[in-house]
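Engineer: Input: one structure, supplied below.
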Amino acid sequence: MKNHFASFALLLSIFWCGQGVLAAQPSSKRVTFEELVKMVAQKSTLSQQKTRVVLRNFLAILKKRLQHGKEINLRGLGTFYVKKAKARKGYHPKTRKIIQIPARKYLRFRASLAFRKSLNGKSFKGKASKKVRKKKNSRQGRKGKKMKS
Numbered sequence: 015m016k017n018h019f020a021s022f023a024l025l026l027s028i029f030w031c032g033q034g035v036l037a038a039q040p041s042s043k044r045v046t047f048e049e050l051v052k053m054v055a056q057k058s059t060l061s062q063q064k065t066r067v068v069l070r071n072f073l074a075i076l077k078k079r080l081q082h083g084k085e086i087n088l089r090g091l092g093t094f095y096v097k098k099a100k101a102r103k104g105y106h107p108k109t110r111k112i113i114q115i116p117a118r119k120y121l122r123f124r125a126s127l128a129f130r131k132s133l134n135g136k137s138f139k140g141k142a143s144k145k146v147r148k149k150k151n152s153r154q155g156r157k158g159k160k161m162k163s
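Each residue of the sequence shown is one higher than the one before, starting from 15 at the first, in our numbering.
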């Protein structure tokens, strides 16, 4: 069981770091499931067969949690979440008649700050700093100038 968790951690580190196996591969726009299995197996002590099982289980858990409306936060990568769109009225493109578009759910992904910075070649260490607004002096106007008394 510990070996499977180590594989999950390895998988996540491969995804968000952009280093190691994924960075060494020829540049292609897509990575198939089988290619991912091979990459993770190369970086871990698991065979490709065991890695395939781990990845399938990992993806099944993600899918099930998202279907139940849960957020999935993968530290260093980002957050997957389900968003709901309300039912609305729209136009049918051919007939130009008003139709009712039903409510639906769709999947969203919000990348973490560390991941966004790593995409742009910047290193990120530590937590995101919050911008702190200075408190205005009660005697200051809108532009920060002192008001006349």
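Where is the CB? At the ideal position from N, CA and C, for every residue including glycine.
This one's a predicted model, so the numbers in the text were calculated from it and none came from an experiment.
Using CA atoms only, rank isn't needed, just tell me which of GLY90, LEU80 and PHE123 is closest to SER131.
Structural biologist: The sequence given here places Lys at residue 131; Ser does not occur at that position. Measuring from the Cα of LYS131, the nearest candidate turns out to be GLY90.
Engineer: Please state whether DSSP places VAL45 in a helix, a strand or coil.
Structural biologist: Looking at VAL45 - three-state DSSP - the assignment turns out to be coil, as it is neither helix nor strand.
Engineer: Using only the alpha-carbon positions, how far apart do ASN71 and ARG122 sit?
Structural biologist: Using only the alpha carbons, I get a separation of about 21 Å.
Engineer: So for ALA101, helix, strand or coil by DSSP?
Structural biologist: Coil, per DSSP.
Engineer: Considering only C-alpha positions, which residue in the set ARG44, LYS98, LEU80 and ALA55 is nearest to PRO116?
Structural biologist: The candidate whose alpha carbon is nearest that of PRO116 is LYS98.
Engineer: Any idea what DSSP makes of LEU73, helix, strand or coil?
Structural biologist: Note: LEU73 maps to helix in three-state DSSP.
Engineer: Which residues in the same chain have their Cβ closer than 7 Å to the Cβ of LEU80, if we skip the five residues on either side of it in sequence?
Structural biologist: So the qualifying residues of the chain are ILE86, PHE94, VAL96 and LEU121.
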